[in-house]
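Residue numbers (my numbering), protein chains in the order written: chain U, 1 to 271; chain H, 1 to 271. Yeah, the Cβ is synthetic: ideal placement off N, Cα and C, and Gly gets one too.
Number of protein chains: 2
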Amino acid sequence: MPAVISVTNPSGPYDAAVMLGRNPEAAVKPRSQESVVALRSQCSACNLRDLCLPCGLEGQDMASANELVYTRRRVKAGETLYQAGDPFKSLYAVRSGFFKSYVITEGGRVQVTGFQMSGEIMGVDGIDSDHHTINAAALEDSEVCVIPYVRLEEVSARVPALRRQVHRLMAREIVRDHGVMLLLGSMRAEERVAAFLLNLSKRFVARGYAASEFHLRMKREEIGSYLGLKLETVSRIFSRFQELGLLAVQKKSIAILDIDGLQDIMHQTED
Amino acid sequence: MPAVISVTNPSGPYDAAVMLGRNPEAAVKPRSQESVVALRSQCSACNLRDLCLPCGLEGQDMASANELVYTRRRVKAGETLYQAGDPFKSLYAVRSGFFKSYVITEGGRVQVTGFQMSGEIMGVDGIDSDHHTINAAALEDSEVCVIPYVRLEEVSARVPALRRQVHRLMAREIVRDHGVMLLLGSMRAEERVAAFLLNLSKRFVARGYAASEFHLRMKREEIGSYLGLKLETVSRIFSRFQELGLLAVQKKSIAILDIDGLQDIMHQTED
DNA sequence: CGGGGATTTGACACATATCAAGAGCGGTGG
DNA sequence: CCACCGCTCTTGATATGTGTCAAATCCCCG
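Written out as structure tokens, the structure is:
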């Protein structure tokens, strides 16, 4: 049997899903200067280049990427990189640290839409309406490369490979979102948690870290929000996985003891 | 048995979401000629231009859009426009008709990821990996404009406004997906159904149709898949809404009797 | 005009949420 | 250095929303 994933569609978001701008004015206020590093970053020399926006670029194309990033910005744990309603100016590449992105409805409901780690790009949510539609907050002290969108447009105007790369980047996000929809729409709680852990593991591996031991930067509640579960359910499932010998959990420290076992749980066929 | 297509993904989709290529070779076979209309389409003369890809383009920019579309393709109800695993060649703009897009997991689980109507673009899911990652099927006899991706790259190379438009298009999809995540992750069944109906209504209005009366092209099961509910639940909620005087339902004919009421249900604050 | 899929509806099961209590841990201040 | 406080996490008991299974009706298509 075939397997697959996701889609596309240009149709608008549900009104339900309409995200409320938070407080545009507040966002306009200048960030503390100390948080902006004016050091010119060199994508071509960055050890994240193969994970990040310039991934796949070569020679002169890679050199062009250097023109994109002039500044970095530090974001302390708990602070936001941007909020819904903020004017859209730049994309951000995570240089170090860990972020969550989330939407908040009128009713105060929160939905975490993703967790971003080094090399991943944030901010494209603002391209369509010129204002950000989600919030991005650091889960630990972090640093991002600021990629002014106008500059990205300028440079990509003459660098086809970069244009292509931006398309890929956004398409990848769309494909990822389809995966989350699949998870939220048709997986049971245990499957969701297993998928979540395996996804994290895979991403850590891509960054040169151990596949089976890592530190969760997010709270149970945030995991729950992302997975469409309550925090107690997440906690219980961690405990259950531990009883099954799949996992060793100590608060935010996770050790995966049986990757295959987790995969089995994730792939459970419901019928 | 499908071949597994390894989709690159930095922040990749869950493995659960790993897409299995369906049968790439099969997709290469020529479509029946009769289904491809060689008539040169004129975006600038199309009545969908303000909803579709060229939306917002003016003058020469709009004229450039005419270069993008050389062919149209008809897809009969029940047939697929493309399937997961098919090589990615083109984007498609729905000219008439109605589509669903969906992913299928190894286990045979299906998740509808969206419904597309006239003016909406399909196919961007294939940009990242050069192969489609979702399936797109017509829910009624439909016609799409075929936009070869290489041509889109050529034309947008010299038309900044078009580049911008493509970015917007993809960003809009991402924002929409966040809305669906919110829906799937934190709304109760009644809220999901209300949001779904209001979203459909809004999109019909944008196309000049009545806001309160329309024909559902999809089955209860497909609505349920999209909303993360079982078909029986969708049916029951339609009935409940009818009892509440919010809706008049007759199989696939829907009349919204109380838009505000539906909105109230959708915005229920849970706390 | 017949037949099979789609829809509705009921009874019941079960997964997950809710409510509640307590434990663990880190930071702060006396 | 210890005690306290607040936050996070765990765990139990119970509630409830949605799924599952089943049957009847409808109706669309051939």
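Query raised in the report: With DSSP run on the structure shown, which of helix, strand or coil describes I256 of chain H?
Result: strand
Query - Cα-Cα separation between L282 of chain H and L198 of chain H, rounded to whole angstroms - result: With chain H represented from 1 up to 271, any question about residue 282 of chain H goes unanswered, as that position is not in the structure.
Query raised in the report: So which residues on chain H does Q242 of chain U lean against when the C-beta distance must stay under 7 Å?
Result: Taking a Cβ-Cβ threshold of 7 Å, none of the residues of chain H is close to Q242 of chain U; the smallest such distance is about 21 Å.
Requested in this report: Provide the residue span of the beta strand (DSSP E) that contains P148 of chain H, from first to last.
Outcome: S142 to P148
Requested in this report: Apply the 10 Å Cβ neighbour rule to K76 of chain H and answer buried if 16 or more other Cβ atoms are within range, or exposed otherwise.
Outcome: Within 10 angstroms of the beta-carbon of K76 of chain H lie fewer than 16 other beta-carbons, which makes it exposed.
Query raised in the report: List, in order along the chain, the chain H residues whose C-beta lies closer than 7 Å to that of G85 of chain U?
Result: Under the 7 Å cutoff, chain H gives no residues; its nearest Cβ is about 13 Å from G85 of chain U.
Query raised in the report: chain U beta carbons: is any one of them nearer than 8 Å to that of E222 of chain H?
Result: no
Query - Reduced DSSP category for T132 of chain U - H, G, I as helix; E, B as strand; rest coil - result: For the sequence presented, residue 132 of chain U should be read as His rather than Thr. Of the three classes helix, strand and coil, the one that applies to H132 of chain U here is coil, per DSSP.
Requested in this report: Output, in sequence order along the chain, the residues in the segment 164 to 189 of chain H whose CB is closer than 8 Å to any CB in chain U.
Outcome: Listed by position, the residues of the segment 164 to 189 of chain H near chain U (Cβ gap below 8 Å) are R164, V166, H167, R168, L169, M170, A171, R172, E173, I174, V175, R176, D177, H178, G179, V180, M181, L182, L183, L184, G185, S186 and M187.
Query raised in the report: For the alpha helix (DSSP H) that L200 of chain H lies in, which residues bound it at each end?
Result: A189 to A206
Report task. Measure from the alpha carbon of Q83 of chain H to the alpha carbon of each residue in H:Y102, H:F98, H:T71 and H:V69, then state which is nearest. Result -> H:Y102
**Report entry** M181 of chain U: first and last residue of the uninterrupted alpha helix (DSSP H) it sits in
**Finding:** P160 to S186
Query raised in the report: Are any of the Cβ atoms in chain H nearer than 8 Å to that of A138 of chain U?
Result: At least 8 Å separates the CB of A138 of chain U from every CB of chain H.
Query raised in the report: If you draw a straight line from the C-alpha of A65 of chain U to the C-alpha of R163 of chain U, how long is it?
Result: 11 Å
Query - Chain-order list of residues whose beta-carbon lies under 7 Å from that of G235 of chain U (same chain, five-residue window excluded) - result: For the sequence presented, residue 235 of chain U should be read as Ser rather than Gly. If we look at S235 of chain U and ignore the five residues flanking it on each side, its Cβ neighbours are R220.
Query raised in the report: For the segment 208 to 217 of chain U against the segment 135 to 151 of chain H, are there 3 or more C-beta pairs whose distance is under 8 Å?
Result: no
**Report entry** Proximity test, G114 of chain H beta-carbon vs the ligand NAP heavy atom, cut-off 7 Å
**Finding:** The model on display carries no ligand, and the ligand NAP is accordingly not part of it.
**Report entry** Identity of the residues DSSP links to T80 of chain U by a beta bridge
**Finding:** U:A137
Query raised in the report: From the beta carbon of R95 of chain U, is the nearest beta carbon of chain H less than 8 Å away?
Result: Output row for R95 of chain U: interface = no.
Query - From U:D260, U:I134, U:D61 and U:F88, residue whose alpha carbon lies closest to that of L244 of chain U - result: U:D260
**Report entry** Proximal residues of chain U, C-beta to C-beta of D128 of chain H below 7 Å
**Finding:** R168, A171, R172 and V175
Query raised in the report: Whose CA, out of H:R203, H:K230, H:F196 and H:V249, lies closest to the CA of M266 of chain H?
Result: H:F196
Requested in this report: Tell me, please, whether the segment 47 to 60 of chain U touches the segment 115 to 125 of chain U by the rule of three or more beta-carbon pairs shorter than 8 Å.
Outcome: When C-beta atoms of the segment 47 to 60 of chain U are compared with those of the segment 115 to 125 of chain U, three or more pairs fall below 8 Å, so the two segments count as touching.
**Report entry** Same chain, Cβ closer than 7 Å to D125 of chain H, five either side skipped, listed in chain order
**Finding:** H132, T133 and I134
Query - DSSP beta-bridge partners of V94 of chain U - result: Beta-bridge analysis with DSSP links V94 of chain U to U:V144.
Query - Residues near G56 of chain H in its chain [Cβ-Cβ closer than 7 Å; skip 5 each side] - result: Q165
Query - Contact set between G228 of chain U and chain H, taken where Cβ atoms lie within less than 9 Å - result: M181, L184, G185, S186 and G228
Query - Contact set for Q111 of chain U: own chain, Cβ-Cβ below 7 Å, skip 5 residues either direction - result: Y102, V103 and S225
Query - Proximity of F99 of chain H and L139 of chain H at Cβ, strictly below 8 Å - result: yes
Query raised in the report: Taking Cβ-Cβ distances shorter than 9 Å, what residues in chain H pair up with E58 of chain U?
Result: What E58 of chain U touches in chain H: nothing, since even the nearest Cβ is about 16 Å away.
Query raised in the report: Are any of the Cβ atoms in chain H nearer than 8 Å to that of I256 of chain U?
Result: no
Query raised in the report: Considering only residues of the same chain and omitting the five flanking positions on each side of A248 of chain H, which have a CB-CB separation below 7 Å?
Result: Q242, A255 and L257
Query raised in the report: Are the C-beta atoms of E213 of chain H and some chain U residue less than 8 Å apart?
Result: No, E213 of chain H does not count as interfacial toward chain U.
Query raised in the report: Between T233 of chain U and A189 of chain U, what straight-line distance do the alpha-carbon atoms span, to the nearest angstrom?
Result: 8 Å
Query raised in the report: Do we get a CB-CB distance below 8 Å when we pair A27 of chain U with the residues of chain H?
Result: A caution first: A27 of chain U carries a pLDDT of 40, below 50, which makes its placement in the model too unreliable to give a value.
Query raised in the report: Can you pull the DSSP bridge partners for I237 of chain U?
Result: Paired residue(s): none; I237 of chain U is not in a bridge.
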